[in-house]
Structure formats: structure tokens, C-alpha cells
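Undergrad: So that we are looking at the same thing, I have put the structure below in C-alpha cells.
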Amino acid sequence: MTFWTRRKALDALAHVDQSRQLRKTLSWPHLVALGIGGIIGTGIYTLTGIGAERAGPAVILAFAACGILCAFAALTYAEMATMMPAAGSAYTYTYSVLGEGLAWIVGWSLVLEYAVTCSAVAVGWSGYMVGLLESMGIHLPKELIAGPYAGGWINLPAVVITALVTALLAKGAKESATVNIALVAIKIIALAVFVGLTVFSLVPENFTPFMPYGFVSHMDDTGHVRGVMAAAAIVFFAFFGFDAVSTSAEEVKNPGRDLTIGILGSMVISTIIYMIVAACAVGAWPFAEFAASGEPLAFILRSLNHPGAAWAIGAAAIVALPSVILVMMFGQTRVFFVMSRDGLLPRGLSDLGPDRRSPVKVTLLVGLFVALFGGFLPLATIAELSNAGTLAAFISVSVCVMVLRVTKPDLPRLFRCPAVWVVAPLAVIGCLYFLYSLPGTTLRNFAIWHVVGLVIYLAYSRRTSLLNKAA
């Protein structure tokens, strides 16, 4: 079982051929926008209502609980990313600290967080776009707006938006990050408009009872999952993205400063925005009414007689979702790029052009994967796995930090996680509790996903690994 525990050197990037190293083109504004672009998306536009249905006004606490857990995880990510400024994020850290076998499991988990989430968001964007076109009197054939599972041929809008994002990513990281900054600005302006229009309509009675279903996740008499943690387990989906910043580490000009600001800054800013928006939503309108809406923020604005602003929020959602697809696809391409460079995936995927701006082959492969899933398959059940995959990655990074503090205490650290023996264990315990709060079917599907992944690893990747060839 030596193949399971073999490790890359912590400074492995220094021994990688320069033709397979990505150019350093990003600075901290790009990284903060990258994190916010990935975090603030479908979650704030739709999950506010779903969370309120499970927790009532205490959905604010659900967002806070997610924010606290992600803040702990972000601190561990910041230490690892600045110490090992190489692409790959949790996969790379796990490979160097815990071994190849666990690294494969983490890399396979990240497919759930990044690629599958991309497909789900692409389908969500398609729904918004089709709705907007229909409101303008433009009706697309049903065969072209739904996959075979819904009586159509292909979800063409989902395929189109995936192709456009793929083309942008293929041009390079800096170009993608610059476009993302503009998209993030539009999203923040839209949410600021929502807060500005609702903050003066807050009704204190709407906050009582504040926690009608208690804190712990449980099944009520009607068969519905209730409680603050039940809401947190679902709105956790809205916090994906900050860890995508760490996948860009190899392309950052000043890793020690820029990665720390990018990871922690995007996490803090997004959590504050989420809590403010959730508080305004709950306070402005009874949660039982907007919880049933698929577009709760727009519903609240229409209910407050702001139809124009409600339409603008919907339009902003159409702008917001491509930035989520961009960030998640960016993260997935970097993980696959490094797995290919390590030999766990075909080596040809990590070939770079002469300008070393982007791994074009792996970007096109990820784009094809996302387009096929988004164009032809129903993703509701698969998308639920994203939370489990992300939590597994968070646990791995937190464990890596603790292991290195014991085995390599003198290793230079550009950023040191404060109170590491409190923060890292709490991150692990919190992630395990969030996993426990997920539906049993999700956990079973997560186990099946990894059985498939282990078969691929044992049959192919362990033999093609560069560490195996070097042995």
C-alpha cells in the first residue's frame, strides 16, 4: 500500500518543468473578486427562501453558522496556500501532507464542488434566461430548453453559457478575473438596491418568534426537515467559492499578501452581505410567504410595490450566475491541471501554450463535461452532493495544517493560522456536524461516487502517477 501513502515534496512546484507552470498574472483585487464572484450567486437569490422555510427568521443564524465554519476553514486555507503557492488547492496540500490516496479522494470530491456545481448553475441560468425571453415575447422551442429528462432534446441555453465561459477561461486567468470583477460589481449593486429598498420597511413582529423550529436539525410532524442547522446544511451551498481562490495560488504575483487578502477578504465580505440581505428579507416580509417563492428577493420587492426593482433583481441574477460558473470552472480546471501534471490523469491535459496563460486542453475538457451534464441530465440530486464534497475538502485542509504544525514546526509560514489548535479542530468538528446534518440519501450517493473514483484510481491513476514512475 505504499502507493496510498507516497507524498509529493512540499516544494514540488520548484521541480516542475517551467513549460508546465502557469504564469503569475493575478493580484489581490482579482482574488477578492474571484472569491466573491464564486460565493455570491444563486444562493443569495434563491436559498434565502429555502433557508427561511427551514429555520424561520433564524435563517440569519444559519448564514452566520456557515460563515463561522467557512471562516475557520478559510484561515487554514490561507496558511496552506501561502506556504504552498501551487495550483490544486486542497488536492495539492493533501498530496504533500497526507499521501496520494487521500489526495485522489479529495480531488475526486472537488469534482462535485466545482464541475457538478457548474452544471447545476448553468441549468439555473437557463431557467432565468428563458423566463426573461418569454417576458419579452420570445419563445424558444421546448425541445431546445430542456434535456431528455424533461421531454426536450437539449438544454441549449445551458450549453451556450458554458461554451462562452469556457472560451473566456481559455484566453487566460487575468482576462477571466478582470471580466469577473465587472460581474461582481453588478451583483453587489443589485443587492445594495434590495437592502436600500427594504431596510426602511422592516417590521419587528416579523422577527418573532425568532427561532420557531429550534437549532438542531430534525424532522417535524409533517415530515419536513426543520431547525437552524437544517437551514445551514442547505445554505452552505451559497458559500462555495472562497476556496477557489487557493486554486489560483500558482498564478499569484505576491502569494503571501495576495492569497491571504483574497481568501479571508472574500469570505468576510460575502458573509456580511449574506447576513444583511437575510435580515432585510426576513424583516421586510413574513418568511412563511416568501419562503415558497423560487425568487424570494424579487417576490419581496414586488410585495413592497417595487416591480421595477424586482425585475432588475431578476436581470442581475442572469448576470450573476455566469460569474459563478466562471469561478467554479476556473477551480476545476486548475485541479485537473495539477492532477494531470502529477500523472493521475493523462499527462497531455497539462500541456500549456507558449504564453503559459491557461491549460487550454483541460479547460476544453471541463467545458465539455459541464455542457453535457447541463445540456442533457437532471442535476437536482447530483447537485446535493456538492456540499458533501466541499466539506470533505475543508476537513482535509484543516488536518493538513495540524499535521504540518507537528511534523514541520519550523517550516516558514507567510501566514500563520491564529489559535490553530482551536480553529483547525473546530473546523473539522463543524464540517463533520454539517455532514451529519445532510440527508442520508446524499451521504449514500457520496459514498457511491467515491467507490467509482477509487476504482478509477486503482485501475489507472496509481500506475501512471509520476511518483510511481520515479520509484
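Each step along the sequence shown adds one to the number in this note's numbering, with nothing skipped, and position 26 is 41. Built from N, CA and C at the ideal position, the CB exists for glycine as well.
(1) Between the C-alpha atoms of Arg349 and Arg38, what's the straight-line distance to the nearest angstrom?
(2) Taking just the CA atoms, how far does Thr262 sit from Ala439?
(3) For the structure I just gave you, are there three or more beta carbon pairs, one from the region 409-420 and one from the region 112-129, closer than 8 Å?
(4) Ignoring anything shorter than 4 residues, give me the alpha helix (DSSP H) runs that lie fully in the region 370-451, in order along the chain.
(5) Hey, Met354 and Ala259 are a contact pair by Cβ (cut 8 Å); roughly how many whole angstroms apart?
(6) With distances taken Cα to Cα, identify the nearest neighbour of Ala327 among Ala247, Ala313 and Ser338.
(7) Rank Leu76, Ala88 and Leu481 by C-alpha distance to the C-alpha of Ser14 and give the top, closest one.
(8) For the region 414-425 against the region 138-158, do three or more pairs of beta-carbon atoms, one drawn from each stretch, fall closer than 8 Å, so that the two count as touching?
(9) When you compare only the Cα positions, how much space is there between Ser476 and Ala299?
(10) What do you get for Pro72, buried or exposed, if any count of 16 or more other CB atoms within 10 angstroms of its CB means buried?
(11) Using the beta-carbon count (16 or more within 10 Å), is Gly82 buried or exposed?
(12) Entirely within the region 67-146 and at least 3 residues each: give me those beta strand (DSSP E) ranges in chain order.
(13) According to DSSP, is Met343 part of a helix, a strand, or is it coil?
(14) Using 8 Å as the Cβ pair cut-off and three pairs as the minimum, do the region 380-390 and the region 166-180 touch?
(15) Which of the three DSSP states is assigned to Asn170 in this structure?
(16) Where does Val208 sit, in a helix, a strand or coil, going by DSSP?
(17) According to DSSP, what are the bridge partners of Arg272?
(18) Check Val218 in the structure and name its three-state DSSP category.
(19) When you compare only the Cα positions, how much space is there between Ile201 and Ser285?
(20) If you measure between the beta carbons of Leu379 and Thr181, is that distance less than 8 Å?
(21) What does the alpha-carbon distance come out to for the pair His154 and Val145?
(22) What three-state label does DSSP hand His465 in the structure shown?
(23) What's the C-alpha gap between Ala185 and His233?
(24) Which residues share a DSSP beta bridge with Met282?
(25) For Val437, tell me which candidate among Thr91, Lys23 and Ile51 has the shortest Cα-Cα distance.
(26) Taking the Cβ atom as the reference point for each residue, do Ile54 and Phe222 lie within a distance shorter than 8 Å?
(27) Let me confirm a value: Arg459 is counted as buried when at least 16 other C-beta atoms fall within 10 Å, else exposed. Which label applies?
(28) At what residues does the alpha helix (DSSP H) containing Val243 begin and finish?
(29) Between which two residues does the alpha helix (DSSP H) containing Thr17 stretch?
(30) Count Cβ pairs between the region 206-218 and the region 288-306 that sit closer than 8 Å; are there 3 or more?
(31) Mapping DSSP to helix, strand and coil, what is Met354?
(32) Using the three-state DSSP reduction, which class does Leu359 fall into: helix, strand or coil?
(33) Determine the direct distance from the alpha carbon of Ala207 to that of Gly50, and round the result to whole angstroms.
(34) Measuring only the C-alpha atoms, how far is Ala135 from Ile333?
TA: For this structure:
(1) 13 Å
(2) 20 Å
(3) yes
(4) 375-391, 395-398 and 400-422
(5) The Cβ separation is near 16 Å, so there is no contact.
(6) Ala313
(7) Residue 14 lies beyond the residue range present for the chain, which begins at 16 and ends at 486; the question has no answer from this structure.
(8) no
(9) 54 Å
(10) buried
(11) buried
(12) none
(13) helix
(14) yes
(15) strand
(16) helix
(17) Partner(s): none; Arg272 has no beta bridge.
(18) coil
(19) 14 Å
(20) yes
(21) 8 Å
(22) helix
(23) 45 Å
(24) Met282 is not bridged to any residue.
(25) Thr91
(26) no
(27) exposed
(28) Val243 to Val250
(29) Thr17 to Thr20
(30) yes
(31) helix
(32) coil
(33) 18 Å
(34) 14 Å
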